[in-house]
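Structure record follows, encoded as structure tokens.
2 protein chains.
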Amino acid sequence: MRFPEHPIELAAVPRRTRGRPRKSADERDDGNRRQDVLRAAAQLFRQHGFAATRTRDIATAAGMQSGSPFYHFENKQALLGAVILEGMQRAVTRQKAAMDQASEAAGNSPPDPRQQLRVLIRTHFDVLLGPDSEFIPVMLYEWRSLTAMQRAAVNDLRRSYEGMWVAPLQALVAAGAVSGDPALARLMIFGALNWSVQWFDPGQRATLDDLTDTALRLFLKDCA
Amino acid sequence: MRFPEHPIELAAVPRRTRGRPRKSADERDDGNRRQDVLRAAAQLFRQHGFAATRTRDIATAAGMQSGSPFYHFENKQALLGAVILEGMQRAVTRQKAAMDQASEAAGNSPPDPRQQLRVLIRTHFDVLLGPDSEFIPVMLYEWRSLTAMQRAAVNDLRRSYEGMWVAPLQALVAAGAVSGDPALARLMIFGALNWSVQWFDPGQRATLDDLTDTALRLFLKDCA
DNA sequence: CCTACCGATCGGTAGG
DNA sequence: CCTACCGATCGGTAGG
């Protein structure tokens, strides 16, 4: 049994407006709170997995109350989709920027395929393991938790991302610098890179440049 | 409100013993039901992940009632540990057997490191993707869901498994057939192989022998 | 975006 | 190993 909050002299108490006090226009965050929820979700999904993460914990990590994430996202499932979609968008954007920059550095001519592969791999590691890199690992771990429709939406981006690797790899296979069935080899290269989310520890000796070197030396025949 | 099962003539009805009728000795399964639970758990953990799997579904898949898995395992967490431990034990056993067999085939002399690597990779794919291969993928996906103590128990086996790769790989690096930092290269090779649990489809063209060939051609310099 | 809450699910158990 | 059940958790919502 609760006691009523104002048992007497209701009128004497300063009237409090119902609900939250409205923030003034310049105090508003213009929807940035949505980004906070998204980032918090990505971090927790990455640490504990989708199913093991409580939406309450996402709320707390974003500095809000337990029900509030559902103001920004329909449900937990949609939150997962948004995290993974955001991750793929960032990956594609950054990879395209890196490739453009490499082209410029090579005097606006297409860089040689070895250099292209180096840039692709280095950027890939950065997306996977660099700062703010919780989004793509969530995709790698939680792909199976997406609905069929969410998968389809992400697949477009994924195909576009993977497409950037095809030309350089085929050139390297044609030049004898990479051996094996190109499609299978590409899957294995992705595996070698993606697996690093399981073991890479930024506190250890190896840097992302070290990883890139190791990968290139492992995959490329330099005797051809 | 339930009706009593025998409202009248209780004595006329053949006495039913309480609980389950005891099975005769030759009808008993000698604890094989535990294996059924373990296999069912492995399959469901592999498909949906640990946190998303209901113990009720494990029970159903093993052909028992919802509470019965807890007769065989203390709790869900212990079930995960048992699945992963069983997986690692199988992997070590099979890999050792394969290496022994390869030694015999080479006339009880140590096979050359290329051949050793081929055997290791081929067996690895078999453990990962062959028949009854749900146990190790659970470990790859759900390592983070283990308790610290469970991890320690599995780590002994894991070290022993990974140890089998060290000598041949170092020999290959020494011979110039594999390039790069040996420890990092090993991690990347494992990644390339382990990632196959994400994309390999036994219904497709590629066989485990194809994967093995591709991997060897990708990692080994044959020009040295 | 908070308050206050609901309804279903799910791991787990007592007793036989 | 089943029956019958509990207690806690957790995604989600109505209303402001």
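From first to last, the protein sequence lines are chains R and C.
According to this note's numbering, the first sequence is numbered sequentially starting from -1.
According to this note's numbering, the second sequence is numbered sequentially starting from -1.
Just so it is clear, CB atoms sit at the ideal spot from N, CA and C, and this is done for glycine as well.
Bear in mind that the values here come from a model prediction, so they are computed numbers and not experimental data.
Out of T205/C, V171/C, Q41/C and R88/C, point me to the one whose CA is closest to R184/C's CA. For the purposes of this step, residue 184/C is taken as residue 186 along the second sequence, with counting starting at 1. Ranking T205/C, V171/C, Q41/C and R88/C by Cα distance to R184/C puts V171/C first.
Could you compute how far the alpha carbon of R26/C sits from the alpha carbon of D98/C? Counting from one through the second sequence, the residue named residue 26/C turns up at place 28. Counting from one through the second sequence, the residue named residue 98/C turns up at place 100. Bear in mind that the predicted position of R26/C carries a pLDDT of just 38, short of 50, making it unreliable; the figure below should be weighed with that in mind. For R26/C and D98/C, the distance between alpha carbons rounds to 37 Å.
What residues of chain R sit near D179/C, judged by a beta carbon separation below 7 Å? Along the second sequence, one-based indexing puts residue 179/C at 181. In chain order: T212.
Which residue marks the beginning of the alpha helix (DSSP H) containing A213/R, and which one marks its end? Residue mapping note: residue 213/R aligns to position 215 of the first sequence, counting from 1. Segment L206 to F217, the alpha helix (DSSP H) holding A213/R.
Are the Cβ atoms of R142/C and H46/R separated by less than 9 Å? Locating residue 142/C in the second sequence gives position 144, where the first residue counts as 1. Locating residue 46/R in the first sequence gives position 48, where the first residue counts as 1. Yes, Cβ-Cβ distance for R142/C and H46/R is below 9 Å.
Does DSSP put G178/R in a helix, in a strand, or in coil? Residue mapping note: residue 178/R aligns to position 180 of the first sequence, counting from 1. Of the three classes helix, strand and coil, the one that applies to G178/R here is coil, per DSSP.
According to DSSP, simplified to helix, strand and coil, what is R261/R? Because chain R is modelled from -1 through 222, residue 261/R falls outside the range shown and cannot be assessed.
With distances taken between CB atoms, is the gap from M162/C to L216/R smaller than 9 Å? Your numbering for residue 162/C matches position 164 in the second sequence. Your numbering for residue 216/R matches position 218 in the first sequence. Contact: no.
Could you tell me whether the Cβ of N73/C comes closer than 9 Å to any Cβ of chain R? Taking the first residue of the second sequence as 1, we reach residue 73/C at position 75. It does not; no Cβ of chain R falls within 9 Å.
Go ahead and label F60/C buried or exposed: buried means 16 or more other beta carbons lie within 10 angstroms of its beta carbon, across all protein chains shown. Locating residue 60/C in the second sequence gives position 62, counting from the first residue. Going by the sequence as given, residue 60/C is Ala instead of Phe. Buried, since its Cβ has 16 or more Cβ neighbours within 10 Å.
Please report whether the beta-carbon of Q41/R lies at a distance below 9 Å from any beta-carbon of chain C. Start at 1 with the first residue of the first sequence, and residue 41/R comes out as number 43. Answer no: the Cβ-Cβ gap between Q41/R and chain C never drops below 9 Å.
L155/C: which of I134/C, Q87/C, S177/C and Q202/C sits nearest, CA to CA? As a first step, residue 155/C is located in the second sequence; it is residue number 157 there, counting from the start. Comparing Cα positions, the closest option is Q87/C.
Would V164/C pass as an interface residue toward chain R - the criterion being a Cβ-Cβ separation below 9 Å? The residue labelled residue 164/C in the question sits at position 166 within the second sequence. Chain R contact via Cβ: absent.
Short-range partners of chain C found in the region 179 to 203 of chain R, where Cβ spacing is below 8 Å: D179, L182, A183, L185, M186, I187, F188, G189, A190, L191, N192, W193, S194, Q196 and W197
Within a Cβ cutoff of 7 Å, which residues of the same chain sit near K21/C, ignoring the five residues on either side of it in sequence? Here residue 21/C refers to the residue found at position 23 when the second sequence is read from its first residue. Here K21/C scores only 39 on pLDDT, less than 50, and its place in the model is too uncertain to base an answer on.
If you pair each beta-carbon of the region 35 to 45 of chain C with each one of the region 99 to 107 of chain C, do three or more pairs fall below 8 Å? no
Interface residues of the region 109 to 134 of chain R facing chain C [CB-CB below 7 Å]: none
Take A57/C and list the residues in its own chain whose beta-carbon comes closer than 7 Å to its own, dropping the five residues that flank it on each side. Translated into the one-based positions of the second sequence, residue 57/C becomes position 59. The residues are Q63, S64, S66 and P67.
I'd like the list of long-range same chain contacts for S194/R, defined as Cβ closer than 8 Å, with 5 residues on each side in sequence excluded. For the purposes of this step, residue 194/R is taken as residue 196 along the first sequence, with counting starting at 1. So the list reads F123, L126, L127 and L209, once near-sequence residues are dropped.
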